[in-house]
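Chemist:
There are 8 protein chains.
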Amino acid sequence: MLSEEVKALLEAVEKGTVTVDEALGRLRRLPVEDLGFAQLDTHRELRQGFPEAIYAEKKTPEQTVAIARRMLEATSAPVLATRVPEPTAQALLDEFPGALHNEPARLVVVRSRDSSLPALGTVAVICAGTSDLPVAEEAAGTAEALGAVVDRIVDVGVAGLHRLLAVQDRLSATRAVIVVAGMEGALASLVGGITSAPVIAVPTSIGYGSSFDGLAALLAMLNSCAAGISVTNIDNGFGAAVCAHRMLAHRPA
Amino acid sequence: MLSEEVKALLEAVEKGTVTVDEALGRLRRLPVEDLGFAQLDTHRELRQGFPEAIYAEKKTPEQTVAIARRMLEATSAPVLATRVPEPTAQALLDEFPGALHNEPARLVVVRSRDSSLPALGTVAVICAGTSDLPVAEEAAGTAEALGAVVDRIVDVGVAGLHRLLAVQDRLSATRAVIVVAGMEGALASLVGGITSAPVIAVPTSIGYGSSFDGLAALLAMLNSCAAGISVTNIDNGFGAAVCAHRMLAHRPA
Amino acid sequence: MLSEEVKALLEAVEKGTVTVDEALGRLRRLPVEDLGFAQLDTHRELRQGFPEAIYAEKKTPEQTVAIARRMLEATSAPVLATRVPEPTAQALLDEFPGALHNEPARLVVVRSRDSSLPALGTVAVICAGTSDLPVAEEAAGTAEALGAVVDRIVDVGVAGLHRLLAVQDRLSATRAVIVVAGMEGALASLVGGITSAPVIAVPTSIGYGSSFDGLAALLAMLNSCAAGISVTNIDNGFGAAVCAHRMLAHRPA
Amino acid sequence: MLSEEVKALLEAVEKGTVTVDEALGRLRRLPVEDLGFAQLDTHRELRQGFPEAIYAEKKTPEQTVAIARRMLEATSAPVLATRVPEPTAQALLDEFPGALHNEPARLVVVRSRDSSLPALGTVAVICAGTSDLPVAEEAAGTAEALGAVVDRIVDVGVAGLHRLLAVQDRLSATRAVIVVAGMEGALASLVGGITSAPVIAVPTSIGYGSSFDGLAALLAMLNSCAAGISVTNIDNGFGAAVCAHRMLAHRPA
Amino acid sequence: MLSEEVKALLEAVEKGTVTVDEALGRLRRLPVEDLGFAQLDTHRELRQGFPEAIYAEKKTPEQTVAIARRMLEATSAPVLATRVPEPTAQALLDEFPGALHNEPARLVVVRSRDSSLPALGTVAVICAGTSDLPVAEEAAGTAEALGAVVDRIVDVGVAGLHRLLAVQDRLSATRAVIVVAGMEGALASLVGGITSAPVIAVPTSIGYGSSFDGLAALLAMLNSCAAGISVTNIDNGFGAAVCAHRMLAHRPA
Amino acid sequence: MLSEEVKALLEAVEKGTVTVDEALGRLRRLPVEDLGFAQLDTHRELRQGFPEAIYAEKKTPEQTVAIARRMLEATSAPVLATRVPEPTAQALLDEFPGALHNEPARLVVVRSRDSSLPALGTVAVICAGTSDLPVAEEAAGTAEALGAVVDRIVDVGVAGLHRLLAVQDRLSATRAVIVVAGMEGALASLVGGITSAPVIAVPTSIGYGSSFDGLAALLAMLNSCAAGISVTNIDNGFGAAVCAHRMLAHRPA
Amino acid sequence: MLSEEVKALLEAVEKGTVTVDEALGRLRRLPVEDLGFAQLDTHRELRQGFPEAIYAEKKTPEQTVAIARRMLEATSAPVLATRVPEPTAQALLDEFPGALHNEPARLVVVRSRDSSLPALGTVAVICAGTSDLPVAEEAAGTAEALGAVVDRIVDVGVAGLHRLLAVQDRLSATRAVIVVAGMEGALASLVGGITSAPVIAVPTSIGYGSSFDGLAALLAMLNSCAAGISVTNIDNGFGAAVCAHRMLAHRPA
Amino acid sequence: MLSEEVKALLEAVEKGTVTVDEALGRLRRLPVEDLGFAQLDTHRELRQGFPEAIYAEKKTPEQTVAIARRMLEATSAPVLATRVPEPTAQALLDEFPGALHNEPARLVVVRSRDSSLPALGTVAVICAGTSDLPVAEEAAGTAEALGAVVDRIVDVGVAGLHRLLAVQDRLSATRAVIVVAGMEGALASLVGGITSAPVIAVPTSIGYGSSFDGLAALLAMLNSCAAGISVTNIDNGFGAAVCAHRMLAHRPA
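Protein chains in written order, with our numbering: chain B, 10 to 262; chain U, 10 to 262; chain S, 10 to 262; chain H, 10 to 262; chain A, 10 to 262; chain F, 10 to 262; chain Y, 10 to 262; chain E, 10 to 262.
1) So L116 (chain B) packs on T73 (chain B), CB below 8 Å; how close in whole Å?
2) What are the residues in the region 207-228 of chain A lying within 7 Å of chain E by C-beta distance?
3) Span of the alpha helix (DSSP H) holding E193 (chain U)?
4) To be precise: take each residue of the region 237-258 of chain F, compare its Cβ to all Cβ atoms of chain A, and keep it if any distance is under 9 Å. Which residues remain?
5) Please classify E112 (chain Y) as buried or exposed, where buried requires at least 16 neighbouring CB atoms within 10 angstroms.
6) Can you grab the Cα-Cα spacing for the pair T204 (chain E) / P261 (chain E), in whole Å?
7) Just list the residues that DSSP pairs A185 (chain A) with in beta bridges.
8) In its own chain, which residues sit with a C-beta less than 6 Å from the C-beta of G194 (chain U), not counting the 5 before and 5 after it?
9) By the 10 Å Cβ neighbour count, where 16 or more other Cβ atoms means buried, how is P96 (chain E) classified, buried or exposed?
10) Leaving aside the five residues before and after A235 (chain A) along the sequence, list all residues of the same chain whose C-beta is less than 6 Å from its C-beta, in chain order.
11) Closer than 9 Å, Cβ to Cβ, to anything on chain Y: give me those residues from the region 85-115 of chain E, in chain order.
12) Mind listing which residues of the region 181-201 of chain E have their C-beta closer than 7 Å to chain Y's C-betas, in chain order?
13) Given that a residue counts as buried once 16 or more other Cβ atoms are within 10 Å of its Cβ, and exposed if not, what is E153 (chain E)?
14) Taking all protein chains shown into account, decide if G107 (chain U) is buried (16 or more other Cβ within 10 angstroms of its Cβ) or exposed.
15) In angstroms with no decimal places, state the Cα-to-Cα distance between L208 (chain H) and C136 (chain H).
16) Would S2 (chain B) count as contacting chain S if we go by Cβ distances under 9 Å?
17) For S219 (chain H), which residues from the same chain have a beta carbon less than 6 Å from its beta carbon, with the 5 sequence-adjacent residues on both sides left out?
18) If we cut at 9 Å on Cβ distances, does G7 (chain U) have a partner in chain B?
19) Within 10 angstroms of the Cβ of E71 (chain A), are there 16 or more other Cβ atoms? Answer buried if so, exposed if not.
20) Can you have a look at M10 (chain A) and say buried or exposed, based on whether 16 or more other CB atoms are within 10 angstroms of its CB?
21) Since I believe E147 (chain E) is in contact with A114 (chain E) (beta carbons under 8 Å), could you give me their beta-carbon distance rounded to a whole number of angstroms?
22) Taking 9 Å as the CB-CB cut-off, is K67 (chain U) touching chain H?
23) Going by DSSP in three states, R255 (chain S) sits in which element: helix, strand or coil?
24) Going by beta-carbon coordinates alone, are A133 (chain F) and V159 (chain F) separated by less than 9 Å?
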């Protein structure tokens, strides 16, 4: 919304108490938050439906609760707390009784009363081993919080190809596929080769030695010979879900 | 399509010349390319409309022309030659008079006669400096070859924010945005912050010293604080375009 | 084994209640786990005798015990739990009284009742210092669980060449040699130079400073001037033993 | 062969011109090349059948020819020149009319007249793309020079799973499999998952950007979730073949 | 300057042909380049006196000359071409007879007729060896082009402390010191320890082996135990000079 | 101060008990700490007003208090303890009642009685997220301890450009800007593009995965396309403040 | 000592019960530990006076005591335990009342009764900051245990050149200088520039951020422009002392 | 030599025309080059006998000749030009007829007429393969130029231990050993284990793939389990020789 100051200026011009040249000069000097907000409405619009996220790992329960409360007053979007320590999760559930707690993902989702997300279609979240589950659940829980239906597919290692081939149809029935894998990250290439859906690859830090905390999987995914795969940061299940949300929710203006 | 061999087997079962148990045994031993092709139909389907690409850099003109000819016989998809040396480009244009040559991108696109791509909507390709143009053009040319309309936006450096803000509406009018940037790669974060469209970030090897041939831009893009950005390999304009194509063309089965 | 569904279909074709064309159509749509399993029999065969392994480090005792129980029902292969915390080891021994606990290797091996491994010959496991012993024992314990006889050779540092030369004959009397070394990893080159046996090099994370958690040893082993040495991930004693097992147990089909 | 000096010493003892104690003292002081050669006979034995290799890339044709000539006089093993420039290849063929020139591998093999290699069985060399062929051919040509039968399998990318499944039986019919792959190197994991044969993974420098000249493939292969895969240096087709040769030719003493 | 459209709008409000509310609405929708330019005047102001720079290395002489000509029409600031190949330097000198050519720095400076830079004080540019001179000259030439007086101090290696102590007073007589050093980059720490002036450290790619193209010097400078040193990219003499220019020319608004 | 020995020597020359040549000879042999101190007076001068800093993290409270007490006796400059554990902070406050404790920065500042810092102007400290606050406060607190007025600007992420544009004037009203940012570090480029003030960029270790503990931000800042930005070590708020202090306090001699 | 078997063989030759040719054949087959030990006497000799070292960090007090006891029985050299935890130090002192405990270095030295080291001359150990003291003391304590006189020089940072110049004579009065420094490691270059003594540089892990646990100092020292400096692993004070010991104690044979 | 100014000052004190206090004040302000040179005489002394070296690789023949001529006038030490291109070598030989040209090392040594080096004893230079010869010769040639006798030992790979054991006595007969090795650099550990002489390890860039231009050898040598080995930069044969020279030539003052 344009500021009151601009309105007052226009009224003064209308009344003739300020000349056009004076008004031009004042507009030039107006702080950008006044004019800028008008310009950047699209920006605010853009955030509608986007999650507001709190990286809770290094915050006290009180801090996280306070930030969440403030966010819920300011937005109708769901509020997500990621990497939530157990005591913080309890504090959030106490404060917001309707909140959802995804324990393996260490994710808490709080919705404002009046939020109603449009139905956005299905996203597959596929991962290879049980160790990758926390990251996969962070992706799945975030995607659900943003209005997607999630098809979870787990335990589909590249060493057992038949299990992957068995879910080919489920992959193709979705609007986007999030592949979560550590170690050598080869699952992303395989999925990219058997579906035409957009594939978002999330390397995880699962592994040891020369996995270098996920570097091996990250490099492998970036160099996939299956064309058209894109990659997020290591362990960034949240980011992959927002990436999918952009695909599902964005409508060209 | 299932192989003739399977059909013949079924007919023999129907006629009673082969027992059910014998037929089961033979099915077990059938080479996978026979049954497999049936299973993998979706796979082949998936490739419809996908470009067949030839990395031409280290091939002779004769090799590239021969591969392109073979591909065009086997597929109705457009054939792309990427990183095409000048003599190879000339050879391709001689052989395929209707081919398109995108010179800055060193890209040649040849379409088979009967290929008609569906209209898929608009993709923005935005880059910061003129040095990033070859990669940006590889993305743009590939996207066009696959049926997208491309809105090219160049010379939008982060040091000149007003130029970026001026194209905000053009970005939001597209179905996906490809951001191409070298050096510190900050443009991806900025674009991600002002549009809700899917953003595919392509780091380039433009820079020197501690850019380490694109590593600086790659890491920056992977760590973007604008949520939901995904990243391709360094200089991989082709891959970014295929990534966008998956978003535009994929329909859940 | 091919699924019942395929058998029923063939019987229907035999009876004439389903036409060949209908049968072809149904085969095309059969889920891959049905046809696929037939195709992938070799795959299952391959796993016979391979250890099923549980990476127990970050699992609760209950989880590890439950997974081990489920595996033992599904396979006749021995079940290995690697990097087993002390309480988990106790829980496994309580549940499976016949289990073997290799303490330095933090390895627990449980065999199903009816498993009887073929005699596969001897593998040498050689390491330089006592610090490398846990990784060496993980290799030795795994190899034994898979049916190999293991000749353990320890404390053979490159700074004491005579100790290495003294075991030359023991190395040559084996079918494969696993070399476990941290720091500069030179032992692998030395062993490769004095035996014609296959040499599997396992870098360890033993060292400090510019060993970079095993990177120095890994790079040294990959660049060995003794030809024909191959390398596993850092600290991957388990993988080296499975690698040796492939050499000992595989028979060309 | 033990040195003349030792023989003379023994004869002097026999004749009584040197006492046993004097002889003991002299033996202690003998240079190691005399006694050592005796000790290290196994070592020389080991090299029987091993190729003597010349890294020809940075040598003049004259140098390479001279070294090859000297080697052929000293050993009955085949002599291999690797990474041979074109003029050097020509010079070798002129000098040794029976030499074999594997052009894509830039490999020249010269056998001494009396070399007759034992039949050692089959090795599969499998690679994904045509760009990996030079490294694959270096492996294949070396393996053949050492007495193996080689089954070459090319163009089996992970994005086309059916092509891989179609060669499953050929893989299992071999005694060892060499997997050559650049980019994300996922083929090694796939092959490891469908065969029980020993798998030697060779990362190649094929790729660009964050492949970092083969680092991505190397790390991926070291972190493979298919157990029991071992890895060589980047582009080291020669080393992989010698590794396979150790498996095929070594007999426990 | 605010756009004509805004002026017309204000005049319409003054005349009463547009209501205040209508005007508010239109202002909200105005393209950002109109209002934005007003807002971003400071931005343009900021660039006054800043060099416009052309990275000439990979451009044709014609391209560089054309870009320089366009820039000179648009700005009163000097135009710098950096890393200029010899033919391009000649072309620039032909086109702009008054241009300055700093040959060791491969730098060409062209001034518009009416540019008159304020006197900004002295900057010291100090480097250790003659190999660092091209980078040092890029810094010195750029600083001079921007109005600084430059005191060049060369051949002051850390192995000859007395030479450094001898120039201590010259360092302190300047407003900022640019230290250019490759290899271990220790000169930056030494200079930081003997002057209270701002120190801008420029690592160079001079060195070999584990200098890793300047990485060693870069890390050393970032970890200097002399407090308050800041660092630019490797070989970035141009950037260091602009950094010094900010210190000399900026006046708080 | 020059040593007593020199004074005695001069007096002996004055009295004629030592000849000029003898005196010259003795001066040549004088230990450097005597003459050197005279020479290096500027050096000591330089440190006037510089903070003496104690890195308190790994020291006991007693050690830190003792060092601080000794420093305060030797210098009139303020004494800073950085990264101060809570018990050490308490001990310092007990010992020096007037000390300032900046808790988020873990910084304690103690001034000697007679220290009076000159007014040096304003420094802006700007950071993107609340996680960067400790580093930003270390910079702000240090700058204040050295006599600067600090304008703190927080929560200005690149994903919310309007907030950055809104503070453009505050940035330009300062003499230097310290930009503190983790993750992709893009804020430094943006700030550099909208102000002509000197910009000191401090990468932080905030981030995860491929941020590699601040490496991503460090590389991005070093490669900024906004010219004239200089960079400190990761998390080095203290160093950035001293860097700004050099700019504000240094007067050419 | 040569084995009894060789003696018996020679006696048989002397007696004529074994022919020279038979004797030659048997010598060839003798196990290497017999002849080898003779050959490798120099090797054992070499270790005289070298410390036997126990890396005690991850051993129990009982283990370390037991190993030390065994070593003392086998050698007359002093036994060093490095990185000794407090309880282990106590256990060693209880067991060996005459043992020396260097607390900052976490070093315990135990001498056998009859060890008397020759006087070897002086080694300087110089370090910059108090944080580097543990590594410096590990070097100093080890050198003393091996018979050197140590001149400790601390707190000689490169930011205070006069302190370094003041100790120039002490450096030159030694037979070797060990320089211990973290952060940017520049002290090694400075010391190398003012003394002709051998300089052994020990990078330490002191630092933060882009020191990358000592990598910055390591690279700087390897790239020193002061010729003839050699470098040890990060934090390897023990190794540097043994390096100096080689210089002081070795006499050409 | 102390400056004339100091002498004049002392004479004025002697005459009574300047008081002692005035003289003290003036001494304090004397530029460091005057007093400093006196102080730093030891420094100049130190360089006696050290080679003055010219890194000739990127210089024109004229530049290198001119620098060499200037150096020879200023010092009695030999002048070395390293990495000398062929035309420069010819120019140096033309200018200085008595110069020595070590072709494989690309080293030219010019002695001043009156230089006569003291006999310093023997240094061994040992390397593994012929590819390491240029670096080994740079070390050997430099050591000889500085007065050492050099015992060259080549072709001693770790894969042929007997060749190493055969030269054990030659190693022990020297005062220092320089080990030159690329690939996995294990030779340094082996040499360190069989001699008590000081061992200077020089990693070379020989290798490919994951040797990363010598990084593998560098890390291996830094992590050697043979205690007391020190390391130089990659390919730094010159530096290793100067390191040895320090050991041979330095006499404690």
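Idealized CB from N, CA, C, for every residue including glycine.
Modeler: According to the structure data:
1) Wrong, their Cβ atoms sit about 12 Å apart, outside the cutoff.
2) Answer in chain order: Y217, G218 and S219.
3) Per DSSP, E193 (chain U) belongs to no alpha helix (DSSP H) and is neither H nor E.
4) Cβ contacts with chain A: G237, I238, S239, V240, T241, N242, I243, N245, F247, G248, A249, A250, V251, C252, A253, H254, R255, M256 and A258.
5) Sixteen is the threshold: since fewer than 16 other Cβ atoms of the shown chains lie within 10 Å of the Cβ of E112 (chain Y), the residue is exposed.
6) When rounded, the distance between both Cα atoms is 25 Å.
7) Bridge pairing for A185 (chain A): A:V132 [DSSP].
8) Cβ neighbours of G194 (chain U) beyond the five flanking positions: P212, A226, A229 and M230.
9) Label assigned to P96 (chain E): exposed.
10) Excluding sequence neighbours, A235 (chain A) sits near S198, G201 and G202.
11) The residues in question: there are none.
12) Against chain Y - using a Cβ distance shorter than 7 Å - the residues of the region 181-201 of chain E are S181, A182, T183 and R184.
13) By the neighbour-count criterion, in which 16 or more other beta carbons inside 10 Å mark a residue as buried, E153 (chain E) falls on the buried side.
14) That one is exposed.
15) The sequence shown places Val at residue 208 (chain H), rather than the Leu named in the question. Their Cα atoms are separated by approximately 13 Å.
16) Nothing about residue 2 (chain B) can be read from this structure; chain B reaches only from 10 to 262.
17) No residues qualify anywhere along the chain.
18) An answer regarding residue 7 (chain U) cannot be provided, because it is not within the stretch 10 to 262 covered by chain U.
19) Exposed.
20) Unreliable positioning characterises M10 (chain A) in this predicted model, as indicated by a pLDDT of 32, which lies under 50. The coordinate reading is nonetheless provided below. In summary, M10 (chain A) is exposed, with fewer than 16 beta-carbon neighbours lying within 10 Å of its beta-carbon over all protein chains present.
21) With a Cβ gap of about 4 Å, A114 (chain E) and E147 (chain E) count as contacting.
22) Taking Cβ atoms only, chain H reaches closer than 9 Å to K67 (chain U), which makes this a yes.
23) Looking at R255 (chain S) - three-state DSSP - the assignment turns out to be helix.
24) Cβ distance < 9 Å, so A133 (chain F) and V159 (chain F) count as in contact.
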